[in-house]
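Residue numbers (the working numbering), protein chains in the order written: chain A, 1 to 221; chain B, 222 to 442.
Below is one structure, written out as structure tokens, with a few remarks after it.
Protein chains: 2
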Amino acid sequence: MSAARPPAEGAKAAPDKRRLILDAAIRVFARQGFHSCRVSDIADEAGVAYGLVYHYFASKDEVLNTLFLERWSVMLELIREVDSGPLPVREKLGAIAAFIIDSYRHDPDLMKVIIVEVTRAANSFGDTHIDTIREAYELIGGIVEKAQAEGQFKAEIEARFAAMAFYGVIEQLLTGWIFNLRPQGEEDFERAKWMVIETVCGGLETSAVSARSAPGNTLHD
Amino acid sequence: MSAARPPAEGAKAAPDKRRLILDAAIRVFARQGFHSCRVSDIADEAGVAYGLVYHYFASKDEVLNTLFLERWSVMLELIREVDSGPLPVREKLGAIAAFIIDSYRHDPDLMKVIIVEVTRAANSFGDTHIDTIREAYELIGGIVEKAQAEGQFKAEIEARFAAMAFYGVIEQLLTGWIFNLRPQGEEDFERAKWMVIETVCGGLETSAVSARSAPGNTLHD
DNA sequence: TTGGATGTTGACTGACCAGTCAATCTATTT
DNA sequence: AAATAGATTGACTGGTCAGTCAACATCCAA
Numbered sequence: 001m002s003a004a005r006p007p008a009e010g011a012k013a014a015p016d017k018r019r020l021i022l023d024a025a026i027r028v029f030a031r032q033g034f035h036s037c038r039v040s041d042i043a044d045e046a047g048v049a050y051g052l053v054y055h056y057f058a059s060k061d062e063v064l065n066t067l068f069l070e071r072w073s074v075m076l077e078l079i080r081e082v083d084s085g086p087l088p089v090r091e092k093l094g095a096i097a098a099f100i101i102d103s104y105r106h107d108p109d110l111m112k113v114i115i116v117e118v119t120r121a122a123n124s125f126g127d128t129h130i131d132t133i134r135e136a137y138e139l140i141g142g143i144v145e146k147a148q149a150e151g152q153f154k155a156e157i158e159a160r161f162a163a164m165a166f167y168g169v170i171e172q173l174l175t176g177w178i179f180n181l182r183p184q185g186e187e188d189f190e191r192a193k194w195m196v197i198e199t200v201c202g203g204l205e206t207s208a209v210s211a212r213s214a215p216g217n218t219l220h221d
Numbered sequence: 222m223s224a225a226r227p228p229a230e231g232a233k234a235a236p237d238k239r240r241l242i243l244d245a246a247i248r249v250f251a252r253q254g255f256h257s258c259r260v261s262d263i264a265d266e267a268g269v270a271y272g273l274v275y276h277y278f279a280s281k282d283e284v285l286n287t288l289f290l291e292r293w294s295v296m297l298e299l300i301r302e303v304d305s306g307p308l309p310v311r312e313k314l315g316a317i318a319a320f321i322i323d324s325y326r327h328d329p330d331l332m333k334v335i336i337v338e339v340t341r342a343a344n345s346f347g348d349t350h351i352d353t354i355r356e357a358y359e360l361i362g363g364i365v366e367k368a369q370a371e372g373q374f375k376a377e378i379e380a381r382f383a384a385m386a387f388y389g390v391i392e393q394l395l396t397g398w399i400f401n402l403r404p405q406g407e408e409d410f411e412r413a414k415w416m417v418i419e420t421v422c423g424g425l426e427t428s429a430v431s432a433r434s435a436p437g438n439t440l441h442d
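Below, the structure written as structure tokens:
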């Protein structure tokens, strides 16, 4: 009952296997790294034949590209949405930080792959996706710029630099988790969100605004 | 006069070629990436025979490891020195930021290789050097801890998190330069130093201390 | 029932490249 | 001058793997 069957629409036939391969690739890339794994490792992990990988993807590279774009486009969408909303800066940046941190919490392997193999690989892949990555910077920079115009953030620190610093802190945080240099309990994730915002916004706000959020823990419970 | 000759001491004979190979490797790794270059590329770039690389290094990996350790140990030394000194936190962190930024200014290729191929490569190399990298975190964390004890930095933000954020901002900054996402004029380097400290310390300081540094530009000139 | 389209298989190939090694060269020592 | 040790050379090997392809399976439409 309810076995795998063709889609309701007259669209494509069986995207199941394609997804299976992508998910297997996430695990394999995370475990062995993109460069030191074989395409056959992915096929084995997915439980499909070697050749099927090439039925759905033109190359090993394309598998990684797909994973990156899939996730990054969701993030860009989220940033755009937040950006166009009416929230105060702290909450806008907070929403972005929360999204990225939750992405890691939800699928650490995928985020590990994206960060380690794409975002930070200045050669090959980094080059390919640099414009996509840049877009995130621009959007975040725009949010900062608005806050500066409204007098909430200092103008002396370039908006683009601030965006970079903001993203840098988050990426380093994930890297710390990836390397097991930092605890990864539920509470740690929540606390991290707060600390990211407190640290970065604290450094960017004008003294008039200043941070007066709960010093102890603003966590659940 | 003063041509190449055996060392004064009875030590090794001609370390010239070894250095030549290392320097060539920096250029090749920076240009093509560690994984997509051949050992013969390094030999060619250095103007030596293929086999000579293996006379001085046990493997391709060892070349990269050597480059990383050479530089990272100098940085650790600098951090320890700064740490043990009597300067205020801002200046301690400022010295560290300045050292890293100047390292990039002085030899961008080397820093690119270290960051892209080692520091950020969670697999293979990252794993190998994780303890060395961790040490830098610990030292910086110690500096923050002291500042917290003296009441200059807030205690609500974990010292280790702060260290990570600090380093993350700097690494992202270098990444921005590496990817050509940020301008790299002499002035930009100096301004970056100031912004790093202003942003991070601003977020970490207690409201009592607060940042009252020159808002415009504290640059030279 | 047949035919075409799409999905699936895995053995095979062609290229690539890290690392080896035997030979040659250079310097130093006696 | 002969001997020893280290430096230098580059052709070669062995293994690895991305990508191909021809065959087989399954599904749907006419």
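We put the CB at the ideal spot given by N, CA and C, even for glycine.
Applying the criterion that 16 or more other CB atoms from any shown protein chain within 10 Å of the CB defines a buried residue, is residue i buried or exposed?
i	result
ALA229 of chain B	Note that ALA229 of chain B scores a pLDDT of 38, beneath 50, so its modelled location is shaky; the value from the coordinates is reported in the next line. With fewer than 16 other Cβ atoms within 10 Å, it is exposed.
ALA392 of chain B	The question names Ala, but residue 392 of chain B is Glu in the sequence shown. So GLU392 of chain B counts as buried.
ALA14 of chain A	Legend: pLDDT at ALA14 of chain A = 48, less than 50; position of this residue unreliable, value from coordinates given subsequently. It is exposed - the Cβ of ALA14 of chain A has fewer than 16 other Cβ atoms within 10 Å.
ALA24 of chain A	buried
GLU205 of chain A	buried
GLU371 of chain B	exposed
GLY406 of chain B	exposed
TYR325 of chain B	buried
ALA251 of chain B	buried
ILE272 of chain B	Residue identity check: residue 272 of chain B is Gly in the sequence provided, not Ile. Exposed, since its Cβ has fewer than 16 Cβ neighbours within 10 Å.
VAL118 of chain A	buried
With distances taken between CB atoms, is the gap from residue i to residue j smaller than 8 Å?
i	j	result
ALA318 of chain B	LYS238 of chain B	no
LEU67 of chain A	LEU110 of chain A	yes
LEU93 of chain A	ILE143 of chain A	yes
VAL196 of chain A	VAL390 of chain B	no
ALA46 of chain A	ILE21 of chain A	yes
ASP400 of chain B	ILE130 of chain A	The amino acid at residue 400 of chain B is misidentified as Asp; the sequence shows Phe. A contact, by the Cβ cut-off of 8 Å.
ARG182 of chain A	ARG341 of chain B	no
VAL269 of chain B	CYS258 of chain B	no
Going by DSSP, what residue range makes up the alpha helix (DSSP H) through residue i?
i	result
THR199 of chain A	186 to 204
HIS55 of chain A	50 to 56
THR340 of chain B	No alpha helix (DSSP H) holds THR340 of chain B; DSSP gives it neither H nor E.
GLN172 of chain A	159 to 178
LEU285 of chain B	281 to 305
GLU91 of chain A	89 to 106
GLU266 of chain B	260 to 267
ALA376 of chain B	Neither: ALA376 of chain B is in no alpha helix (DSSP H) and is coded neither H nor E.
ARG182 of chain A	Run containing ARG182 of chain A: none; DSSP gives neither H nor E here.
PHE250 of chain B	237 to 253
Out of the options, state which residue places its alpha-carbon closest to the alpha-carbon of residue i.
i	options	result
GLU356 of chain B	B:ARG381, B:GLU371, B:GLY372	B:ARG381
LEU226 of chain A	B:PHE400, B:ARG403, B:TYR271, B:GLU379	Because chain A here runs from 1 to 221, residue 226 of chain A falls outside it and cannot be looked at.
ARG71 of chain A	A:PRO183, A:ILE114, A:ILE140, A:GLY141	A:ILE114
SER428 of chain B	B:GLN369, B:ILE361, B:ILE242, B:GLY254	B:GLN369
ASP328 of chain B	B:ILE242, B:ILE247, B:ARG240, B:LEU241	B:ILE247
LEU285 of chain B	B:GLU359, B:THR349, B:LEU297, B:TRP398	B:THR349
ALA95 of chain A	A:VAL118, A:ILE140, A:GLU117	A:ILE140
MET296 of chain B	B:ASP323, B:VAL274, B:ARG259, B:ALA270	B:ASP323
GLU359 of chain B	A:GLY176, A:SER73, A:ARG19	A:GLY176
GLN373 of chain B	B:ILE321, B:VAL337, B:LYS333, B:GLU312	B:GLU312
SER73 of chain A	A:TYR54, A:ILE100, A:ALA155	A:ILE100
GLN253 of chain B	B:PHE346, B:GLU377, B:LYS367, B:VAL337	B:VAL337
ASP61 of chain A	A:LYS154, A:HIS55, A:PHE125	A:PHE125
Indicate whether the contact test is met: 3 or more Cβ pairs, each with one atom in the region 246 to 266 of chain B and one in the region 296 to 305 of chain B, closer than 8 Å. no
Does the region 153 to 171 of chain A come into contact with the region 417 to 426 of chain B, if we say contact requires no fewer than three beta-carbon pairs (one atom in each stretch) closer than 8 Å? yes
Meets three-Cβ-pair contact criterion under 8 Å: the region 392 to 412 of chain B and the region 305 to 316 of chain B: no
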